[in-house]
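Numbering (this note's numbering), first residue to last: 191 to 408.
These notes concern the structure reproduced below.
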């Protein structure tokens, strides 16, 4: 019994390392799958990959207060409403529709997209939290970090049937992305939820590397 207790304590001690290892494995498998002849079989698993990433992130975070989950609900709602407006009116981002590889839809918007807005806010915010500056400027830094990710994601999204534009990617997409990201970042940091977290920071850079490699290879 004592051995089991010690083992569990050791496991908790190395929790961040284990969670990082899980993420590295999943993203490595994703890169291999999406750049191989199995690509079409792997694409529908994108929903699962994002969901697992979010769950791993939640496991890594220290703050699980009601205030934090209020933010999760708010960030999810802002993201979903913005995407609904975008899909149905062409405002905010431009004219686009979602494809079939991001899981269940809510009025034309994949539910995982709302989750992704929250996740990107937290992992970008983890890096911004490094700086000893006012929370407003942390929100600005987090927003630019999210915009960098969008620049890498867009070309891959089109090739992967995540979403499709009516023409070329419009500049309004990046303006809209920046504005919505900034709103969610403001909510996040104004609620004093910024947290430096190794797993969150690694997840951000894993996504950078993941989409950078796909942009080069595909």
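In this text, a Cβ means the ideal position worked out from N, Cα and C, and glycines have one as well.
Sub-8 Å separation of residue i and residue j beta-carbons
i           : j           : result
residue 340 : residue 367 : yes
residue 355 : residue 285 : yes
residue 250 : residue 310 : no
residue 342 : residue 405 : yes
residue 325 : residue 379 : yes
residue 240 : residue 287 : no
residue 337 : residue 361 : no
Given residue i as reference, the closest of the options once Cα atoms are compared
i           : options            : result
residue 242 : 257, 215, 338      : 215
residue 206 : 247, 240, 235, 221 : 247
residue 385 : 314, 373, 337, 350 : 314
residue 402 : 381, 218, 212, 211 : 218
Span of the alpha helix (DSSP H) around residue i
i           : result
residue 397 : 388-407
residue 226 : No alpha helix (DSSP H) contains residue 226, which DSSP labels as neither H nor E.
Alpha-carbon to alpha-carbon, residue j and residue i
i           : j           : result
residue 396 : residue 279 : 33 Å
residue 320 : residue 259 : 22 Å
residue 346 : residue 270 : 21 Å
residue 194 : residue 204 : Because residue 194 sits at a pLDDT of 49, beneath the cut-off of 50, its placement in the model cannot be relied upon, and the following sentence gives the value as read from the coordinates. Cα to Cα, residue 194 sits roughly 15 Å from residue 204.
residue 398 : residue 236 : 16 Å
residue 257 : residue 394 : 23 Å
residue 254 : residue 262 : 11 Å
Ignoring anything shorter than 3 residues or poking outside the segment 239-312, list the beta strand (DSSP E) runs there in chain order. 286-288
Whole beta strand (DSSP E) elements within the segment 328-371, 3-residue minimum: 353-355
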